[in-house]
Structure formats: C-alpha cells, structure tokens
Amino acid sequence: SLYDPKVGFFGESGLVEICLMHPLDVVKTRFQIQRGKTDPTSYKSLGDCFRTIFQREGLLGFYKGIFPPILAETPKRAVKFFTFEQYKKLLGYASLPPGLAFAVAGLGSGLTEAVVVNPFEVVKVSLQANRSAFTEQPSSFVQARQIIKTDGLGLQGLNKGLTATLGRHGVFNMVYFGFYFNVKNILPVSKDPNLEFLRKFGIGLVSGTIASIINIPFDVAKSRIQGPQPVPGEIKYRTCFKTMATTSILVHMGGAVMLLVYEYVYAWLQETFNHKESL
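At the far end of the sequence shown sits residue 285, using the working numbering, and the numbering has no gaps.
Written out as structure tokens, the structure reads:
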C-alpha cells in the first residue's frame, strides 16, 4: 500500500502541537517583524504583546494564520520523519560515522521539508502581521490568491523567503536530530520505564532548545522577508535574540514531545505491522 499509517499518525498528532503553540508563534512573529523602538506601535515586552493583541484583536487574534500550518501539518510531518529515515538509510551506504549520519540526514530532511512548507509560511506570516480584528482579515485562501495574483508563484510571491526557510528548517533539523540521537546513544538506558521516558524527554527538550537558539537568525530573516519590509538599518542584529529567544524556545518545546511520540509510536507500529505480516 502507498499509504503508510505511521506517516499519517505523525501528521495528525502534530495538530495538537499547533493548537497549543500557535498563540506563541503569533507573538514570536509580531516581535520579528516589528519596527524599531521609535515606532509607537512597537510592543514593549512579551506581556505587552499578549495584552495588546487580546485588547485590540480579541482572543482569536492569537490564532491568526492558523489554517495554513494545519493544512501543511500532515505533509510536513510526513516529509520530516519519512525523509529523515530515507536519508539515514542512504547515508548508511556512504560509511559515514553514525553521529555524522544523523546530522546530515536531519539536514536533508529539513531542506526537503522547507520546500513543502514555504508557501504555507508565506500566507501564515502575512496573516499574522495583520493587526486588524480577526473577523476583519481575509481568509487564508483569499490571502493566498491575492499573493499569487500580485506577485505570482515564484521567489517574490508564494515562495518568497525560500532561501531563509531552507536555512531555518535545514539547520534546525540538523541540530535537532543530530543532537538527540547522538546524545541518546551516549547516555545509558534506564531499565525503569518512567526514568527512560524522562531521559528521552530531557534530551528532546535540550535538543529543541539548542536547535531553536541556533535557528533564530534564520527564523527572523524568514519572517522579515515574508512580512512587512523593514527600513534598512532600523533593526540591529542583537534584536534577533531579544525576547524572541524566549518565544522561539517555547514554540519549539512541543518538538520534545513530538520526537518522543515519534520514537514510541513508531516502535509500536513497527512491531504491530511486522506481527501482522508474519501471520
């Protein structure tokens, strides 16, 4: 069969992560695209951003642009994990050290994933940048149609910021998968299931945190390119790491859970399907 139930599961389970983390993603994007301190509409702090969005745009303001990532979730997860496994198998023929193979396979999966998700990211960021009330903004389909009509499907339109997205997903997955599987193989396995779960969760959490911190410049560049264009020189490089470090880490904390889900459920499904095939 062409349908792999394992791939479908990871796509569907990612919807929970989106619903929980999207408000933080909106706040993160707002900070990334806002102008300098001289702009009276700039958010002063994380708390100010949450308060302002709630007061001016309502609770639904935190869910602006949620439909594109929901729509992209199944293909995104499918590409991320499926291509990681395939690249890992291919690299096995190259006689690379296992540690390096994990990182390179992660890089490959991230680059492939970026090509799939970039059009959805362009629509998402343009909707998140809109500060009008949720009921007043266009739908995702109307926004996508407007982008295509105005700028086309190329690198100035629906695929704007592709290079930054390639860097964002490539670097994140390289560090994320590389760190997780290398450290997991080094640290001793616990016989206690609860401690083993905590071991893997801790490694996943640290992996996501390190990957998100290293990834911030690419993430900021992507949002700045895909969102309202800044005035040259108004934002300093250090701004990339101010406040956005916190939100980026929080947004990617779901990744620790997702990687655990991937490991445990993948192992369970493999055992289940192998058992059925042997009958």
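Ideal placement from N, C-alpha and C gives every residue a C-beta, glycine not left out. These figures come from a predicted structure and were not determined experimentally.
Hey, quick one: how far does the alpha helix (DSSP H) through residue i stretch, first residue to last?
| i | result |
| --- | --- |
| Phe207 | 199-232 |
| Tyr186 | 168-192 |
| Gln143 | Counting along the chain, Gln143 falls outside any alpha helix (DSSP H), and DSSP gives it neither H nor E. |
| Pro104 | 104-134 |
Less than 8 Å separating the beta-carbons of residue i and residue j?
| i | j | result |
| --- | --- | --- |
| Gln149 | Val129 | yes |
| Val122 | Pro74 | no |
| Ala111 | Leu133 | no |
| Phe90 | Phe185 | no |
| Gly167 | Phe224 | no |
| Asp214 | Leu117 | Asp is not the amino acid found at residue 214; the sequence shown has Gly there. Taking 8 Å as the Cβ cut-off, Gly214 and Leu117 do not qualify as a contacting pair. |
| Ser115 | Asn179 | yes |
| Ile154 | Gly163 | yes |
| Gly64 | Phe126 | no |
| Leu52 | Val22 | no |
| Asn165 | Asn200 | no |
| Asn188 | Phe87 | no |
| Gln143 | Lys70 | yes |
Using 8 Å for Cβ pairs, my map puts residue i next to residue j. What's the rounded Cβ distance?
| i | j | result |
| --- | --- | --- |
| Thr171 | Ala120 | 4 Å |
| Phe68 | Ile76 | Not confirmed; about 15 Å, so no contact. |
| Ile209 | Lys190 | 5 Å |
| Asn220 | Ala135 | The question names Asn, but residue 220 is Ile in the sequence shown. That pair is no contact at about 25 Å. |
| Arg137 | Arg62 | 7 Å |
| Lys206 | Glu269 | 7 Å |
| Val212 | Glu202 | Not quite, the Cβ-Cβ distance comes to about 16 Å (not below 8 Å), so this is no contact. |
| Phe37 | Cys55 | 7 Å |
Under 7 Å: does the beta carbon of residue i sit that close to some heavy atom of the ligand MG?
| i | result |
| --- | --- |
| Phe203 | As presented, the structure is devoid of all ligands, the ligand MG included, so that no description of it is given. |
Quick one: is residue i near chain E, going by C-beta distance under 8 Å?
| i | result |
| --- | --- |
| Lys130 | Absent from the structure is chain E; it holds one protein chain and no more. |
Problem - Inside the segment 13-75 only - alpha helix (DSSP H) runs reaching at least 4 residues - result: You should have 52-63.
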